[in-house]
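Notes follow once the structure below has been shown.
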Amino acid sequence: MQVPRSKLVFVESPEASKRLPKQRAGYLYPILSWGPNNQVAGLKEVLALGRLLKRTVIVHDIINHYDEQQQVTLEGGQLALGPDTTMPFDLVFDFDHLSRHQSVVRQSELLSKSGGWDGVLDAVVHFDDAFLPQIKNAIALNVTDDGADYVKFPAFNCSKGELAAMVKKLERYKYVGVIVYEHVVQSAGHGVKLYMTGDACHDEFLQVTAQLTKSKQIIQLAKDFREKRLGNQSYIAVHIRPYPDKCLYVWRHPELKADEKMAKKMCKNPRLIKVFVGQTLHAMKTKLVDGLFVMSYPSIRDRITELYGTKGLKPVFFDEDDLEAAIGYKSVSLLGMVEEEIALEAKIFIGTSYSSMTGIISQERFAHGVWPGNSKAFTKTT
Numbered sequence: 001m002q003v004p005r006s007k008l009v010f011v012e013s014p015e016a017s018k019r020l021p022k023q024r025a026g027y028l029y030p031i032l033s034w035g036p037n038n039q040v041a042g043l044k045e046v047l048a049l050g051r052l053l054k055r056t057v058i059v060h061d062i063i064n065h066y067d068e069q070q071q072v073t074l075e076g077g078q079l080a081l082g083p084d085t086t087m088p089f090d091l092v093f094d095f096d097h098l099s100r101h102q103s104v105v106r107q108s109e110l111l112s113k114s115g116g117w118d119g120v121l122d123a124v125v126h127f128d129d130a131f132l133p134q135i136k137n138a139i140a141l142n143v144t145d146d147g148a149d150y151v152k153f154p155a156f157n158c159s160k161g162e163l164a165a166m167v168k169k170l171e172r173y174k175y176v177g178v179i180v181y182e183h184v185v186q187s188a189g190h191g192v193k194l195y196m197t198g199d200a201c202h203d204e205f206l207q208v209t210a211q212l213t214k215s216k217q218i219i220q221l222a223k224d225f226r227e228k229r230l231g232n233q234s235y236i237a238v239h240i241r242p243y244p245d246k247c248l249y250v251w252r253h254p255e256l257k258a259d260e261k262m263a264k265k266m267c268k269n270p271r272l273i274k275v276f277v278g279q280t281l282h283a284m285k286t287k288l289v290d291g292l293f294v295m296s297y298p299s300i301r302d303r304i305t306e307l308y309g310t311k312g313l314k315p316v317f318f319d320e321d322d323l324e325a326a327i328g329y330k331s332v333s334l335l336g337m338v339e340e341e342i343a344l345e346a347k348i349f350i351g352t353s354y355s356s357m358t359g360i361i362s363q364e365r366f367a368h369g370v371w372p373g374n375s376k377a378f379t380k381t382t
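Here it is, written out as C-alpha cells:
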C-alpha cells in the first residue's frame, strides 16, 4: 500500500508550560519485558494507554540486559538494585519534558513518605497468559502484586468500545499494573507503522515517541561524540545485530566463517555478515556521507572493523570507556541509549530488522522529523 506523503510528516502535539497534574482516575504501572529497548517500547505503549484512559503513568528504572546483571541478593533474597541491574529513568530520559506532555509520576515520588503508595498493586492488566511471568520485573523494582486482581483483555484492538470497557472495568482500582509488549500497539518494538493510521493507541504511541526524549546528560554525550569523534561531518549510522544472542559466537570466531551450516543453525540472520559491508558502502556513496558510526555489541567490534577494512572503511564506535569517563561506570545497556541518540542525527540509518534497538531508533528519527526513507534495515540477511 502506497502511503500518501502527507501522512509521513509527523506533527507533535504542543507542550504545556508546566508539569501536568495527576489524573483522578488513578495510575498505570508499566510491567515490562525482555531487554532495555523492548522495555522502552512497552513503556511507550503504557504511556499511550495512559493518555487514552486518562490515568497517570508511574515511570520507573529500566532493567539492564540480562547478561549484564549481577544477581546480588540481600537478606530475604531481594534483588539489589544499582548500576549492574538497572538504569535510572532520569539518567536515560528527560522527565521534565515528558511531564509537560502527559501526566506522569516517578515511582520514587509515590513511594516516598509523602507519596502515599506502599508499592502494592490493586490490579494487574494483561493481554496474553504467556507474559504473566514478567511480573518478576515489577517485583525486582520493589512493587508487588500481593492480593491484586488479574484482569485480562484478550485480542485488544484499541477500539472506542474496548477503551470504554477498560475504563469501566478498572474504575474501582487505583494502582493498576500493565503487563505489555506489543499488545497495545502492534509491532511496537519491531516495525511499527511510521505514519498516522487513525488507530488511537498507535497514533498516541508516535506522539509519546516524540516526547519521551533522552536526558540532557545523554544528549550532551552524543553531541560531544559527534564533535570529537565524527568531526561534525555528515555520517551514516548502522546497527549490526547478529540474532539471537548465540549468533554472536559465529561472529566472534572467524575460523567458523566458512561453516555456513553452523551460521544457519545458530542465526536467524546468517547472511548479515556477508551483506552489511556492501550495503553500507552503497548507502554512503548514494547519500554522499563521509563518517561511519557503528552500533554493535563490544564483543564483535574487532570483527566488524576487520570486515569494513576490506573496503577501506573505518568505523567509529562509542566506547564503554567514554561512558565510564562521563557517568562513572561501564554499562552495555546504557551504552546503547547513548548510541541511539547519536544515531538520531545521522543522515541515513541502516539497522537490523530483528532488533528492537533498530525499531526504537527508526521510531525516534521519524518522530523528530527525519524522512522515513532515510531509516532502513539491512536486506537479504536470511
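Quick note on full-length UniProt numbering: the sequence shown kicks off at 1 and runs consecutively.
Backbone N, C-alpha and C define an ideal beta-carbon position, used for all residues, glycine too.
Values in this document were obtained by computation on a predicted structure and should not be read as measured data.
* With DSSP run on the structure shown, which of helix, strand or coil describes F276? -> helix
* To do: Name the one or two DSSP bridge partners that Y66 has.
  => Per DSSP, none; premise fails for Y66.
* Measure the Cβ-Cβ separation of L313 and L288 and say whether it is below 7 Å. => no
* Rounded to whole angstroms, what's the CA-CA distance from W117 to V167? Just pull it up for me. => Straight-line Cα distance between these residues: approximately 21 Å.
* Asked: What separation, rounded to the nearest whole angstrom, lies between the Cα atoms of I273 and A148?
  -> 48 Å
* **Residue burial classification, R226 (beta-carbon count within 10 angstroms, cutoff 16)** => buried
* Asked: Which term fits G35, buried or exposed, when burial requires 16 or more other beta carbons within 10 angstroms of its beta carbon?
  -> buried
* Asked: Out of P21, V11, T280, V46, which has the shortest C-alpha to C-alpha gap to L28?
  -> V46
* On the three-state DSSP scale, how would you describe K228? -> helix
* Asked: Helix, strand or coil: how does DSSP classify P30 here?
  -> strand
* Taking the CB atoms as reference points, tell me whether G119 and L132 lie closer together than 7 Å. => no
* May I ask you to list the residues that DSSP assigns as paired with residue 383? => Absent from the model: residue 383. The displayed extent of the chain is 1 to 382, so no value can be given.
* **D61 versus A130 - alpha carbon distance** => Cα to Cα, D61 sits roughly 23 Å from A130.
* Going along the chain, which residues of its own chain have a beta-carbon closer than 6 Å to the beta-carbon of A343, five neighbours each way excluded? -> Excluding the 5 residues flanking it on each side, A343 has same chain C-beta neighbours closer than 6 Å at A237, F349, I361, in chain order.
* Asked: Is the Cβ-Cβ distance between L49 and V184 less than 7 Å?
  -> yes
* Buried versus exposed call for D102 [16 or more other C-beta atoms within 10 Å across all chains shown] -> In the sequence as displayed, the identity of residue 102 is Gln instead of Asp. Its Cβ being crowded by 16 or more others within 10 Å, Q102 is buried.
* To do: With a 10 Å radius around its C-beta and 16 neighbouring C-beta atoms as the bar for buried, classify Q363 as buried or exposed.
  => buried
* Asked: When you compare each of C247, F127, L141, L230 to F317 by their alpha carbons, which one comes out closest?
  -> With distances taken between Cα atoms, F317 lies closest to L230.
* Distance, T305 Cα to T379 Cα -> 20 Å
* State yes or no: is the C-beta of S353 nearer than 6 Å to some heavy atom of the ligand PLP? => Looking at this structure, you won't find the ligand PLP or any other ligand, since it has none at all.
* Asked: Leaving out five residues before and five after H203 in sequence, what residues of the same chain have Cβ atoms less than 8 Å from its Cβ?
  -> Note that residue 203 is Asp in the sequence shown here, rather than His. Excluding positions up to five away in sequence, the list reads M196, T197.
* To do: Please specify which runs of the beta strand (DSSP E), each continuous and at least 3 residues long, are wholly inside the stretch 284-347, giving them in chain order.
  => The qualifying runs are 291-295.
* Between D319, F95, N157, V40, which lies nearest to K18 when the distance is taken from Cα to Cα? -> Comparing alpha-carbon positions, the option among D319, F95, N157, V40 lying closest to K18 turns out to be F95.
* Asked: Got a sec? Which residues, its chain only, sit under 7 Å from D90 by beta carbon, not counting five neighbours each side?
  -> S215
* Out of curiosity, what's the CA-to-CA distance linking F156 and L307? -> Linking F156 to L307 through their CA atoms gives a straight-line distance of about 45 Å.
* Taking three-plus beta-carbon pairs below 8 Å as touching, is the stretch 243-255 in contact with the stretch 265-279? -> With contact defined as three or more Cβ pairs closer than 8 Å, the stretch 243-255 and the stretch 265-279 are in contact.
* Asked: If you draw a straight line from the C-alpha of P298 to the C-alpha of K223, how long is it?
  -> 21 Å
* Asked: E339 to E260, Cα distance in whole Å?
  -> 31 Å
* How is K214 classed by DSSP in three states: helix, strand or coil? -> strand
* **Beta-bridge partners of V176, as assigned by DSSP** => For V176, which the question treats as bridged, DSSP gives the partners L28, A123.
* To do: Using three-state DSSP, classify S108 as helix, strand or coil.
  => helix
* **K193 versus E345: straight-line alpha-carbon distance, rounded** => 20 Å
* Taking the alpha carbon of N64 as the point to measure from, which residue in R55, L53, L52, L32 has its own alpha carbon closest? -> Nearest of R55, L53, L52, L32 to N64, Cα basis: L32.
* List the endpoints of the continuous alpha helix (DSSP H) containing H97. => 95-99
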